[in-house]
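Trainee:
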Amino acid sequence: DAKTTQPPSMDCAEGRAANLPCNHSTISGNEYVYWYRQIHSQGPQYIIHGLKNNETNEMASLIITEDRKSSTLILPHATLRDTAVYYCIVSGSRLTFGEGTQLTVNP
Amino acid sequence: GAVVSQHPSRVICKSGTSVKIECRSLDFQATTMFWYRQFPKQSLMLMATSNEGSKATYEQGVEKDKFLINHASLTLSTLTVTSAHPEDSSFYICSARVPNAGGRDTQYFGPGTRLTVL
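Protein sequences appear in the order of chains A and B. Note that the first sequence covers residues 4 to 110 in the working numbering. Note that the second sequence covers residues 6 to 123 in the working numbering.
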């Protein structure tokens, strides 16, 4: 599975959009990009995934660059409950978690 | 999304005893489940892949005789930590794979089990 690089931490104001970047320059053609988040002492929560097209669901949007070497998870209107560690994972078959990005949403 | 439950949510046991953790898929059938372990301030580490009706596949460095995995039905996988010691104290999390029509399978995670070995 391809390795991903994420900033260790980010801050965002409540109500503003949170844009979380992820680099995955070694991604191969059949690997998907997954995003999960983990709120303290809970199991990870699935957010979204995509292959090459941009994706949107009720939680977030996923923007994948044309060369697929990077992606951005967008939380359009962050709330305090979005404070969590966000994991970007590139996977062919199983999920390998990196260190993720600690997103802190501030009032 | 699909719902995965774990039981118990937390357990405290004495050193040398065995502890069983259950992972259930509540509204779908899962031929494949995964077991992870997470130490404080660290990320999740995959321990093993549990396949219904066959032996689990363990990651390098995970002792299969210590962490017994049974996946006897399409909705239940169990992890038994045998002869637990304080260093086994951790947050154990399971996940289940949900096949997606026309796209990559998605994994949904349970809420985790906090194991403390005294």
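All C-beta atoms in this analysis are idealised placements derived from N, C-alpha and C, irrespective of residue type, glycine included. All values derive from a computational prediction rather than experimental measurement.
#1: With distances taken between CB atoms, is the gap from A:L83 to A:A63 smaller than 7 Å?
#2: Please state whether DSSP places B:L51 in a helix, a strand or coil.
#3: Check the Cβ of B:Y113 against every Cβ in chain A and list those closer than 7 Å, keeping chain order.
#4: Is there a C-beta anywhere in chain A that falls below 7 Å from the one on B:R109?
#5: Taking 8 Å as the threshold, find out whether the stretch 68-88 of chain B comes into contact with the stretch 8-17 of chain A through three or more Cβ pairs.
#6: Decide if B:I1 is buried, meaning its Cβ has at least 16 other Cβ atoms within 10 Å, or exposed.
#7: So A:T86 contacts chain B; which residues on that side make the cut at Cβ distance below 8 Å?
#8: As a quick exercise: from B:E57, B:L123, B:V122 and B:G117, pick the residue whose alpha carbon is nearest that of B:S14.
#9: Between which two residues does the beta strand (DSSP E) carrying B:S20 extend?
#10: Bridge partners for A:Q105 per DSSP, in chain order?
#11: Contact criterion: CB-CB distance below 7 Å. Does A:Y89 meet it with respect to chain B?
#12: Who are the near neighbours of A:G103 in its chain, counting only those whose CB is closer than 7 Å to its CB and skipping five residues on each side?
#13: Looking at the secondary structure, which residues open and close the beta strand (DSSP E) in which A:P24 lies?
#14: In the DSSP output, what is B:Y30 paired with across the bridge?
#15: Cβ closer than 7 Å: which chain B residues qualify as neighbours of A:L98?
#16: Taking only the alpha-carbon atoms, compute the straight-line gap between A:T86 and A:P110 and give it to the nearest angstrom.
#17: Could you check whether the Cβ of B:Y113 sits closer than 6 Å to any heavy atom belonging to the ligand ZN?
#18: DSSP three-state label for B:L79, please.
#19: Let me see if you follow: with CB-CB separation under 7 Å, is A:G46 close to chain B or not?
#20: Just checking my contact of B:F39 with B:L51 at CB under 8 Å: how many whole Å lie between their CB atoms?
#21: Does any C-beta atom of chain A lie closer than 7 Å to the C-beta of B:P116?
#22: Can you tell me whether DSSP reads A:L83 as helix, strand or coil?
#23: B:D110 by DSSP, collapsed to three states: which one?
#24: Pull up the DSSP beta-bridge partners for B:T118, would you.
Mentor: The short version:
#1: Position 80 of the first sequence, counted from the first residue, corresponds to residue 83 of chain A. Position 60 of the first sequence, counted from the first residue, corresponds to residue 63 of chain A. Cβ atoms of A:L83 and A:A63: not closer than 7 Å.
#2: Residue numbering aside, residue 51 of chain B sits at position 46 when the second sequence is read from its first letter. Looking at B:L51 - three-state DSSP - the assignment turns out to be strand.
#3: Here residue 113 of chain B refers to the residue found at position 108 when the second sequence is read from its first residue. For B:Y113, the chain A residues whose C-beta falls within less than 7 Å of its own C-beta are Y49, listed in chain order.
#4: As a first step, residue 109 of chain B must be located in the second sequence, where it is residue number 104. For B:R109, the answer is yes, since a Cβ of chain A falls inside 7 Å of its Cβ.
#5: Because the criterion of three Cβ pairs below 8 Å is not met, the stretch 68-88 of chain B and the stretch 8-17 of chain A do not touch.
#6: The question about residue 1 of chain B has no answer, for chain B in this structure spans 6 to 123.
#7: Against the first sequence, residue 86 of chain A aligns to sequence position 83. Within chain B, no residue comes near A:T86; the closest Cβ sits about 16 Å away, beyond 8 Å.
#8: Along the second sequence, one-based indexing puts residue 14 of chain B at 9. Ranking B:E57, B:L123, B:V122 and B:G117 by CA distance to the CA of B:S14 puts B:G117 first.
#9: Here residue 20 of chain B refers to the residue found at position 15 when the second sequence is read from its first residue. Going by DSSP, B:S20 is part of no beta strand (DSSP E) at all; its letter is neither H nor E.
#10: Locating residue 105 of chain A in the first sequence gives position 102, where the first residue counts as 1. For A:Q105, which the question treats as bridged, DSSP gives the partners A:S12 and A:V88.
#11: Here residue 89 of chain A is taken as the residue at index 86 of the first sequence, counted from 1. Not one chain B Cβ lies under 7 Å of A:Y89.
#12: For this step, residue 103 of chain A is matched to residue 100 along the first sequence. Excluding residues up to 5 positions away in sequence, Q9, V88, Y89 and Y90 lie with their Cβ nearer than 7 Å to the Cβ of A:G103 in the same chain.
#13: Here residue 24 of chain A refers to the residue found at position 21 when the first sequence is read from its first residue. Segment A21 to N26, the beta strand (DSSP E) holding A:P24.
#14: Reading the second sequence from its first residue, position 25 is the one you call residue 30 of chain B. The sequence shown places Ser at residue 30 of chain B, rather than the Tyr named in the question. B:S30 is bridged by DSSP to B:V9.
#15: In the first sequence, counting from the first residue as 1, residue 98 of chain A sits at position 95. Ordered by position in chain B, the residues that pass the 7 Å Cβ test against A:L98 are Q112.
#16: The sequence position of residue 86 of chain A within the first sequence is 83, counting from 1. The sequence position of residue 110 of chain A within the first sequence is 107, counting from 1. Those two C-alpha atoms are separated by around 11 Å.
#17: Summarising the ligand content, the structure contains no ligands, and the ligand ZN is consequently not present.
#18: Taking the first residue of the second sequence as position 1, residue 79 of chain B is located at position 74. DSSP places B:L79 in coil when its eight states are reduced to three.
#19: In the first sequence, counting from the first residue as 1, residue 46 of chain A sits at position 43. A:G46 counts as touching chain B.
#20: Counting from one through the second sequence, the residue named residue 39 of chain B turns up at place 34. Counting from one through the second sequence, the residue named residue 51 of chain B turns up at place 46. Indeed they touch by this definition, with Cβ atoms about 6 Å apart.
#21: The residue you call residue 116 of chain B lines up with position 111 of the second sequence. Chain A has a Cβ within less than 7 Å of the Cβ of B:P116.
#22: For the purposes of this step, residue 83 of chain A is taken as the residue at position 80 of the first sequence. Reduced to three states, the DSSP call for A:L83 is helix.
#23: The residue you call residue 110 of chain B lines up with position 105 of the second sequence. DSSP places B:D110 in strand when its eight states are reduced to three.
#24: Here residue 118 of chain B corresponds to residue number 113 of the second sequence, with the count starting at 1. B:Y97, per the DSSP bridge assignment.
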